[in-house]
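J.: Going by this note's numbering, 71 is the number at position 54 of the sequence shown; the sequence numbering is gapless.
We put the beta carbon where it would ideally sit given N, CA and C, even for glycine.
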Amino acid sequence: MPKVVPITGTDVIDALGAGLMDFRRAPVYGLVIGAFFAVGGLFVVLTAGALNMSYLSYPAAAGFVLLGPFAAVGLYEVSRRLQTGEPLSWSSIFGAMWAQKGRELSWMAFVVLFIQIMWMYQVRLLLALFLGFRSFSSFEEFMTQVLTTSDGLMFLAVGHVVGAILSLILFSLTVVSFPLLLEEDRDFITAMITSVKAVFTSPLPMLGWGLVVTLVLVVSMLPGFLGLVITLPVLGHTTWHLYKKCVVNDGQEAA
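Below, the structure is given as C-alpha cells:
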C-alpha cells in the first residue's frame, strides 16, 4: 500500500500555487482540455432542453461536473511531465490518456459513472416524492415551483443534502486515486483505499480543498460553463501536487 502522510492547510496553498504555475507554464494544454469539458457540460444542458426535460438541467449539469477527476487525467500527465522534466506534446498527453484504457484507471471511470447514475436517479426519485409525477414546460416553471412552494423547498433542501453526501463519497474515493493510477501500476481498489486514507489522515485540509473545488466549479458553471476553461486546469494541476504531498510511493519522500 502507498504510504499516506498528513498535510496541512499550508500544503494545500502550496499545491494551489504549484498548480497555477503549471497552468502558466503550459497554458495551451489546460485551456484545450478545459474548453472540451465546458463544451460537454453545455451539451448536457442543451440536450435536456431539447428533450423537453429542462427541469433536469441543473442536476444534470451538477452531475456532469462529477466527471471532473476523469477529465483531468490529461492535466495530471502535464503536471507529471513538468515535474520530471519530460518533454510535452499532444501525442505524449493523448498517448498517456489512451494507455489507460487497458489499465486500472479505466475501472475508476466506471466508479465515477456509477455515482453519476446514482446522482440522476436520486434526483428523479426526489422529484417524484416531493413534486409528484409531472413534467414542466420550461425551466422557469420548474424553478418557480421549487422556490415558491413548501414541497419545492423541501425537494431543494433534501436534494442538496443527498447530493453533498454523494459528492463527499466521490471526492474521498478519487481525490488522489486518479493521479496514483496514472503514475503507478496499482489496482483501483488500492487506489480508492489510499484516497480515503488521505482524507481521513488530513480531514480538515482535504475537506477544505473539496469545499473550494465545489465552490469554484459552481461559480464556473454560471456563465455557460465558460469558467471551466480556466478553473478546471488549475484545479487539475493543483490536485496532482496535492497528491504528491500526501502520498509517498516507492520509498520517495513526500514533497
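(1) Report all residues from its chain with a CB closer than 8 Å to the CB of residue 222; omit the five preceding and five following residues, and keep chain order.
(2) Excluding the 5 residues flanking residue 202 on each side, which residues of the same chain have their C-beta closer than 8 Å to its C-beta?
(3) Candidates 234, 257, 255: which alpha carbon is nearest residue 245's?
(4) For the alpha helix (DSSP H) that residue 39 lies in, which residues bound it at each end?
(5) Tell me whether the beta-carbon of residue 184 lies closer than 8 Å to the beta-carbon of residue 212.
(6) Can you tell which of 265, 260, 38 has the C-alpha that lies nearest to the C-alpha of residue 90?
(7) Tell me, please, whether the segment 161-177 touches the segment 191-211 by the rule of three or more beta-carbon pairs shorter than 8 Å.
(8) Checking 8 Å against the spacing of the C-beta atoms, do residue 230 and residue 176 come in under that value?
(9) In whole angstroms, what separates the C-alpha of residue 253 from that of residue 59?
(10) With DSSP as the reference, label residue 192 as helix, strand or coil.
(11) Can you round the beta-carbon distance between residue 96 and residue 257 to whole angstroms, since I take them to be within the 8 Å contact cut?
(12) What do you get for residue 93, buried or exposed, if any count of 16 or more other CB atoms within 10 angstroms of its CB means buried?
(13) Since I believe residue 50 is in contact with residue 132 (beta carbons under 8 Å), could you give me their beta-carbon distance rounded to a whole number of angstroms?
(14) Mapping DSSP to helix, strand and coil, what is residue 22?
(15) Taking only the alpha-carbon atoms, compute the straight-line gap between residue 173 and residue 216 and give it to the nearest angstrom.
(16) Taking a contact to mean a Cβ-Cβ separation below 8 Å, would you say residue 250 touches residue 47 in this structure?
(17) I need the straight-line Cα distance from residue 180 to residue 22, nearest angstrom please.
(18) For the putative contact between residue 99 and residue 41, defined by C-beta atoms under 8 Å, what is the C-beta separation to the nearest angstrom?
(19) For residue 270, which residues in the same chain have their Cβ closer than 7 Å to its Cβ, ignoring the five residues on either side in sequence?
(20) Of the residues 45, 198, 63, 241, which one's Cα is nearest the Cα of residue 124?
(21) Comparing C-alpha positions only, which one of 130, 204, 182, 240 sits nearest to residue 228?
(22) For residue 255 and residue 114, what's the separation of their Cα atoms in angstroms?
(23) Please report how far the alpha carbon of residue 32 lies from the alpha carbon of residue 55, in whole angstroms.
(24) Is residue 264 near residue 193, with beta carbons less than 8 Å apart?
(25) Report the rounded CA-to-CA distance for residue 116 versus residue 110, giving the unit in angstroms.
T.: Answer, in terms of the structure:
(1) If you number the sequence shown from 1, residue 222 lands on position 205. Here the set comprises 24, 25, 26, 28, 29.
(2) Numbered from 1 along the sequence shown, position 185 holds the residue referred to as residue 202. If we look at residue 202 and ignore the five residues flanking it on each side, its Cβ neighbours are 120, 121.
(3) Reading the sequence shown from its first residue, position 228 is the one you call residue 245. Ranking the options by Cα distance to residue 245, first place goes to 234.
(4) Here residue 39 refers to the residue found at position 22 of the sequence shown. Where residue 39 is concerned, the enclosing alpha helix (DSSP H) stretches over 26-42.
(5) In the sequence shown, residue 184 corresponds to position 167, counting from 1. In the sequence shown, residue 212 corresponds to position 195, counting from 1. Not closer than 8 Å, so no.
(6) As a working note, residue 90 is residue 73 in the sequence shown. Per the Cα distances, 260.
(7) no
(8) In the sequence shown, residue 230 corresponds to position 213, counting from 1. In the sequence shown, residue 176 corresponds to position 159, counting from 1. Their beta carbons are not under 8 Å apart, which means residue 230 does not touch residue 176 by this criterion.
(9) Taking the first residue of the sequence shown as 1, we reach residue 253 at position 236. Taking the first residue of the sequence shown as 1, we reach residue 59 at position 42. So the two alpha carbons sit approximately 20 Å from each other.
(10) Within the sequence shown, residue 192 is the residue found at index 175, counting from 1. The answer is coil: DSSP assigns residue 192 none of H, G, I, E or B.
(11) If you number the sequence shown from 1, residue 96 lands on position 79. If you number the sequence shown from 1, residue 257 lands on position 240. With a Cβ gap of about 4 Å, residue 96 and residue 257 count as contacting.
(12) By one-based count along the sequence shown, residue 93 stands at place 76. Buried.
(13) On the sequence shown, position 115 is the one that residue 132 refers to. On the sequence shown, position 33 is the one that residue 50 refers to. Contact doesn't hold; Cβ gap of about 22 Å is too wide.
(14) The residue you call residue 22 lines up with position 5 of the sequence shown. Residue 22 falls in the coil class under three-state DSSP.
(15) For this step, residue 173 is matched to residue 156 along the sequence shown. For this step, residue 216 is matched to residue 199 along the sequence shown. So the alpha carbons of these two residues sit roughly 28 Å apart.
(16) Reading the sequence shown from its first residue, position 233 is the one you call residue 250. Reading the sequence shown from its first residue, position 30 is the one you call residue 47. Yes, the pair counts as a contact, with Cβ atoms nearer than the cut-off.
(17) Residue mapping note: residue 180 aligns to position 163 of the sequence shown, counting from 1. Residue mapping note: residue 22 aligns to position 5 of the sequence shown, counting from 1. Approximately 29 Å, taken between the alpha carbons.
(18) For the purposes of this step, residue 99 is taken as the residue at position 82 of the sequence shown. For the purposes of this step, residue 41 is taken as the residue at position 24 of the sequence shown. Between residue 41 and residue 99 the Cβ distance is about 11 Å, and since that is not below 8 Å, they are no contact.
(19) Translated into the one-based positions of the sequence shown, residue 270 becomes position 253. The predicted model places residue 270 with a pLDDT of 48, which falls under 50 and marks its position as unreliable, so this point remains unresolved.
(20) Position 107 of the sequence shown, counted from the first residue, corresponds to residue 124. Selected option, being the one with the closest Cα: 198.
(21) Working through the sequence shown from its first residue, we reach residue 228 at position 211. The candidate whose alpha carbon is nearest that of residue 228 is 182.
(22) Here residue 255 is taken as the residue at index 238 of the sequence shown, counted from 1. Here residue 114 is taken as the residue at index 97 of the sequence shown, counted from 1. One C-alpha to the other measures close to 18 Å.
(23) What you label residue 32 is simply residue 15 of the sequence shown in a count that begins at 1. What you label residue 55 is simply residue 38 of the sequence shown in a count that begins at 1. Roughly 24 Å between the two C-alpha positions.
(24) The residue given as residue 264 occupies position 247 in the sequence shown. The residue given as residue 193 occupies position 176 in the sequence shown. Yes, the Cβ-Cβ distance between residue 264 and residue 193 is below 8 Å.
(25) In the sequence shown, the residue the question calls residue 116 occupies position 99. In the sequence shown, the residue the question calls residue 110 occupies position 93. Distance between the alpha carbons of residue 116 and residue 110 is about 10 Å.
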